[in-house]
Amino acid sequence: MTPTVEETPDYSFVRRPTWVLSHVLVAGLVAAMLFAGIWQVNRHSERGDRNELIAARVEQAPVSLASVAPPGADALVGEEEQYLRVVVTGEYRTEDEVLIRNRTLEGSPGWWVLTPFVTDDGWAVAVNRGWIPRVFEADAPRPGTEPASGRIEIVGTIQPARTAEGFQVADPDEGQLSTLARPDVARLAEQVGYDLSPVVLRLDPASVDPGALPTALSLPSLDAGPHASYAVQWFIFSTIALAGYPLILRRVARGKANSAPEWE
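Sequential numbering from 0 applies to the sequence shown in numbering that gives the first Met the number 0.
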């Protein structure tokens, strides 16, 4: 019986243009999956840092808003002091109230209610009093959503103001606006007659009736989120591609060798 001689795999095909394109595509996909996995790892780390910050700051006693973010303070104070609990005394100016468009709560469309709160020192802070459903209209009375009247003390957490970025459409520069696309303190300041803090004060849910409107906004959940599991999935996909593609090439190469003509 003549022994069977295994043919040497023929990898000459890997240099053909079609296969070169295949190599490039697979390499690109692997790089993209690795990038996605690393991005998810970074997001997981950022989520953990944010959770630690929130957990630490909610345990702190509220400080005076004037000591942290008075008018004229650096606009970055909103990012740096986000979630810090603050307290301020004054009264609401509902005549200058605006609604923030396209805000949802548990899947329901609606608005955020942004109401200036004039402090005892004469300057004001934009207070995010919470969410109301879309049935309310910006240019019509909103019964049942009014804040407490007169001089009061409110407690909340610092929320950064937002402006249009990148390809986002900014609100008109002129006119008296009843709605804004985002909590843009700089734009609100253009239509009120007093100075504004550069931050937004998110009203503390514990300080208002839980069944009343607006529905005060809770702080973000402290769970770890899905980022770690997503990262694992992307790394598994990239490993499968890295291990599987060479096996495919080897199978094709062996098929090429076995199909080569025999010479007597």
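Cβ atoms here follow ideal geometry from the backbone N, Cα and C, with glycine treated the same way.
Keep in mind it's a predicted model, so treat the numbers as computed, not measured.
**Prompt:** Would the stretch 223-235 and the stretch 182-189 be scored as touching if the rule is three or more Cβ pairs under 8 Å?
**Reply:** no
**Request:** Quick one: using the 10 Å Cβ neighbour count with 16 as the cut-off for buried, is Trp-262 buried or exposed?
**Result:** Reliability fails at Trp-262, whose pLDDT of 43 lies under 50, so the model's placement of it is uncertain and no value is given.
**Prompt:** Quick one: what's got a C-beta closer than 8 Å to Ala-240's C-beta in the same chain, skipping five residues either side?
**Reply:** Val-25, Leu-28, Val-29 and Met-32
**Message:** Do Val-126 and Leu-195 have their beta-carbon atoms positioned less than 8 Å apart in this structure?
**Reply:** no
**Prompt:** In whole angstroms, what separates the C-alpha of Leu-176 from that of Pro-61?
**Reply:** Roughly 32 Å separates the two Cα atoms.
**Message:** My assumption, with CB atoms under 8 Å, is that Gly-143 sits in contact with Glu-90. Please give the rounded CB distance.
**Reply:** The C-beta distance from Gly-143 to Glu-90 rounds to 20 Å, too long to fall under 8 Å, and the pair is not in contact.
**Request:** Measure the alpha-carbon distance for Ala-223 versus Ala-252 and round it to whole angstroms.
**Result:** 46 Å
**Request:** Determine, using beta carbons only, whether Ala-72 and Pro-159 come nearer to each other than 8 Å.
**Result:** no
**Inter-residue spacing [alpha-carbon to alpha-carbon] between Arg-100 and Asp-48** = 29 Å
**Prompt:** Which value, in whole angstroms, describes the spacing of the CA atoms of Arg-46 and Val-199?
**Reply:** 22 Å
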